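Enquirer:
In the UniProt record's numbering, the protein residues as written are 1 to 191.
(1) Select from 49, 17, 88 the residue whose C-alpha is nearest the C-alpha of residue 7.
(2) Excluding the 5 residues preceding and the 5 following residue 19 in the sequence, name in chain order all residues of the same chain whose CB lies nearer than 6 Å to its CB.
(3) Where do the ends of the beta strand (DSSP E) carrying residue 131 lie?
(4) Determine the burial state of residue 33: buried for a count of at least 16 other Cβ atoms within 10 Å of its Cβ, exposed for fewer.
(5) Assuming the contact rule is C-beta atoms closer than 8 Å, residue 58 and residue 39 should be a hit. Round their C-beta distance to whole Å, please.
(6) Can you tell me which of the three DSSP states residue 8 falls into?
(7) Please give the ranges of any alpha helix (DSSP H) in the segment 64-143, keeping only runs that are unbroken, at least 4 residues long and fully inside the region.
(8) Can you tell me whether residue 146 is buried or exposed, with buried defined as 16 or more other CB within 10 angstroms of its CB?
(9) Tell me the residue span of the beta strand (DSSP E) that contains residue 21.
(10) Between which two residues does the beta strand (DSSP E) carrying residue 149 extend?
(11) Are the Cβ atoms of residue 163 and residue 22 separated by less than 8 Å?
Put into structure tokens, the structure is as follows:
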């Protein structure tokens, strides 16, 4: 369910599907680094201004799904203009800062992004750019990232399937919004 907060900046309405806390798992595979399954937590939030704030933390998972160690962390800001053009400024823990541009698809919650600029610190590894695809599919957030280095052509390296995190406050708010005439047996509700 997509909820639109009353204090969300009007320009961000097309990105409302991203809002909230998300968690799930995915696969990481890129030449020169460890292939692994990873867990991920993502937050898209807002404070009433014309951007979404973004935070993502990933960690390597063992064969039993337990956290082993951190993998990547990134944070940034997402904006959209009236023509559905999306811009993202992102900073990653490995010393990379990126500017991404892309489009929100017409009539579906899908965003295609491509790096426009990449800045790296001396400590960061080789990286020249990437692509990302985010999609809201059956109430889940899915994404795939591609990257390239001077040695490796653009190719997929991470993808994940995330579910919306439900808090006790969410449940309480939803319960208060239920109609008073809800049938006791639950079956009549579906007739």
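Each residue gets a CB set at the ideal place from its N, CA and C atoms; glycine is no exception.
Please read all numbers here as calculations on a predicted model, not as lab measurements.
Expert: Quick answer:
(1) Here residue 7 corresponds to residue number 7 of the chain shown, with the count starting at 1. Selected option, being the one with the closest Cα: 49.
(2) One-based indexing of the chain shown puts residue 19 at position 19. Correct list, in chain order: 44.
(3) Here residue 131 corresponds to residue number 131 of the chain shown, with the count starting at 1. Note, residue 131: beta strand (DSSP E), 129-137.
(4) The residue labelled residue 33 in the question sits at position 33 within the chain shown. Residue 33 comes out exposed.
(5) As a first step, residue 58 is located in the chain shown; it is residue number 58 there, counting from the start. As a first step, residue 39 is located in the chain shown; it is residue number 39 there, counting from the start. With a Cβ gap of about 7 Å, residue 58 and residue 39 count as contacting.
(6) Stepping through the chain shown from its first residue, residue 8 is reached at position 8. Residue state, collapsed to three classes: coil.
(7) none
(8) Taking the chain shown and counting its residues from 1, the one referred to as residue 146 is at position 146. Burial call: buried.
(9) Walking along the chain shown from the start, residue 21 turns up at place 21. Segment 20-28, the beta strand (DSSP E) holding residue 21.
(10) Locating residue 149 in the chain shown gives position 149, where the first residue counts as 1. Residue 149 -> no beta strand (DSSP E), and no H or E assigned at all.
(11) On the chain shown, residue 163 is found 163 positions in, with the first residue counted as 1. On the chain shown, residue 22 is found 22 positions in, with the first residue counted as 1. Contact flag set, yes.
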